[in-house]
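Worksheet: one structure, shown below.
Number of protein chains: 2
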Amino acid sequence: MVKISPSAALVIIDVQKGFDEPFWGKRNNPNAEKVMEDVLRRFRANGRKIIHVRHDSLNPSSILKAGKPGFEFKNEVRPLEHETIITKHVNSAFIGTKLESILREIGEPEVYVMGLTTDHCVSVTARMSGNLGFRTFVIRDACAAHTRFLDGKKIDADTVHNVNLASIEGDFAQIPWSEELEF
Amino acid sequence: MVKISPSAALVIIDVQKGFDEPFWGKRNNPNAEKVMEDVLRRFRANGRKIIHVRHDSLNPSSILKAGKPGFEFKNEVRPLEHETIITKHVNSAFIGTKLESILREIGEPEVYVMGLTTDHCVSVTARMSGNLGFRTFVIRDACAAHTRFLDGKKIDADTVHNVNLASIEGDFAQIPWSEELEF
Chain W
4 MVKISPSAAL VIIDVQKGFD EPFWGKRNNP NAEKVMEDVL RRFRANGRKI IHVRHDSLNP
64 SSILKAGKPG FEFKNEVRPL EHETIITKHV NSAFIGTKLE SILREIGEPE VYVMGLTTDH
124 CVSVTARMSG NLGFRTFVIR DACAAHTRFL DGKKIDADTV HNVNLASIEG DFAQIPWSEE
184 LEF
Chain U
4 MVKISPSAAL VIIDVQKGFD EPFWGKRNNP NAEKVMEDVL RRFRANGRKI IHVRHDSLNP
64 SSILKAGKPG FEFKNEVRPL EHETIITKHV NSAFIGTKLE SILREIGEPE VYVMGLTTDH
124 CVSVTARMSG NLGFRTFVIR DACAAHTRFL DGKKIDADTV HNVNLASIEG DFAQIPWSEE
184 LEF
């Protein structure tokens with residue numbers, strides 16, 4: 004079990020409607036949003052800090068551009084009025100945002116990361132979080148990845164997800180399952 | 004071919020003797036250091052900026068702790084007297100160092116990254132470099148990874164290396180082969 008500190012923050016990365024577009028390719032872990040909804044409910048019920056991160060693409064034609072329907076948060080993780088929202092323009096939630104200072108204000112927070120996608124915005128945010136000195140956790144069943152390609156050869160979404168988790172585990176973060184989390 | 008800008012910088016990550024220890028597990032790409040040596044020779048011959056990064060572990064018993072033989076640069080990439088050396092204490096060469104300001108001083112640099120290991124310090128440095136707005140390249144045959152494990156199951160070093168390259172390519176960096184580089 005992983006005992007969640009009173010000063011833990013839940014950082015939810017890019018769980019936006021635009022990720023439902025077929026454009027992104029085949030995804031693993033179709034249940035991730037349901038798991039996120041449950042994790043969010045538990046963090047809220049236990050009074051932990053919630054930070055919602057969303058991606059506003061610098062590309063005006065992107066489905067993740069502010070103002071487009073795809074920019075909206077998915078229903079499972081819609082913010083409550085008093086919760087913090089951070090808008091970012093690159094993959095990492097720490098670059099060009101106030102996330103680091105928001106976390107430092109908490110004192111010595113633990114950072115729990117979940118969202119989309121495992122190998123892009125979740126990975127770089129978790130990697131930076133760990134390297135910035137925050138005790139960091141990626142909730143592995145509350146993330147998902149898409150198929151990628153290398154030299155035209157397909158790498159299936161489960162492999163992308165799992166290898167990226169293995170590369171993060173240890174130096175950067177711990178990678179608990181949601182059911183291991185305990186308040 | 005990839006035409007290297009006059010304002011390109013070569014950032015060499017953690018090519019230190021301590022990585023020869025069997026402790027790290029099985030590695031792919033045994034030829035990486037020979038490729039690095041050749042890339043470094045070409046960047047030097049063409050007068051590009053060279054930045055050597057080394058890891059000084061915060062763990063006093065680590066073989067990558069300053070003062071230990073494992074902390075030394077490998078012979079293939081030994082710095083010349085006028086070249087910049089950056090010492091870091093976490094995976095990312097941008098965290099706790101002056102790397103970003105050194106690169107900004109160049110104006111609009113291209114950042115070429117090579118070194119050890121593909122999925123840890125190379126990946127997080129390249130990801131941050133791209134997200135900080137630098138045009139970034141990971142020289143894919145001038146990097147190497149080790150075997151990793153997830154839930155006790157082994158992931159071979161080639162898979163770790165290749166999946167991490169696929170996850171970096173695009174949003175974060177381009178991933179040319181050394182022979183594609185042209186001055």
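The listed protein sequences correspond, in order, to chains W and U.
This note's numbering runs 3 ahead of the 1-based position in the first sequence.
This note's numbering runs 3 ahead of the 1-based position in the second sequence.
Virtual Cβ for every residue (Gly too), placed ideally from N, Cα, C.
Residues F97 and L135 of the same chain have their beta carbon placed closer than 8 Å to that of E103 of chain W, with the five preceding and five following residues left out of the count. With its beta carbon at least 9 Å from every one in chain W, R107 of chain U lies outside the interface. Taking CB atoms only, M131 of chain W has a neighbour in chain U less than 9 Å away. When only Cα atoms are considered, A69 of chain W and I158 of chain W end up about 30 Å apart. In the three-state reduction of the DSSP assignment, A129 of chain W falls in the helix class. Between the alpha carbons of N78 of chain U and K20 of chain U lies a gap of roughly 9 Å. Ranking U:T120, U:V5 and U:L83 by CA distance to the CA of D174 of chain W puts U:T120 first. In the three-state reduction of the DSSP assignment, T121 of chain W falls in the helix class.
V18 of chain W has its alpha-carbon roughly 41 Å from the corresponding atom of V42 of chain U. Chain-ordered, the chain U residues with CB closer than 8 Å to the CB of N134 of chain W read V93, N94, S95, I98 and V127.
The DSSP-derived three-state label of E84 of chain U is coil. Selection W:A148, W:G99 and W:I171 evaluated against V56 of chain W yields W:G99 as nearest (Cα-Cα). One finds nothing in chain W with a Cβ atom closer than 7 Å to the Cβ of A11 of chain U; even the nearest lies about 21 Å away. If you draw a straight line from the Cα of I89 of chain W to the Cα of P72 of chain W, it is about 18 Å long. For A169 of chain U, the enclosing alpha helix (DSSP H) has its first and last residue at A160 to I171. Remark: C-beta atoms of I7 of chain U and R44 of chain U do not approach each other more closely than 9 Å. Here V38 of chain U is not near Y115 of chain U, since their CB atoms are 9 Å or more apart.
When the Cα atoms are used, D144 of chain W and S181 of chain W turn out to be separated by approximately 6 Å. Taking a Cβ-Cβ threshold of 7 Å, the residues of chain W close to R151 of chain U are A169 and S170, in chain order. Listed in chain order, the positions of the stretch 71-94 of chain U with a beta carbon within less than 7 Å of a beta carbon of chain W are V93 and N94. Nearest neighbour of L83 of chain U by Cα position, chosen from U:H149, U:A48, U:F152 and U:A147, turns out to be U:A48. The C-beta of V14 of chain U comes no closer than 9 Å to any C-beta of chain W. DSSP places K52 of chain U inside the beta strand (DSSP E), whose first and last residues are K52 to H58. The beta carbon of I66 of chain W sits no closer than 9 Å to any beta carbon of chain U.
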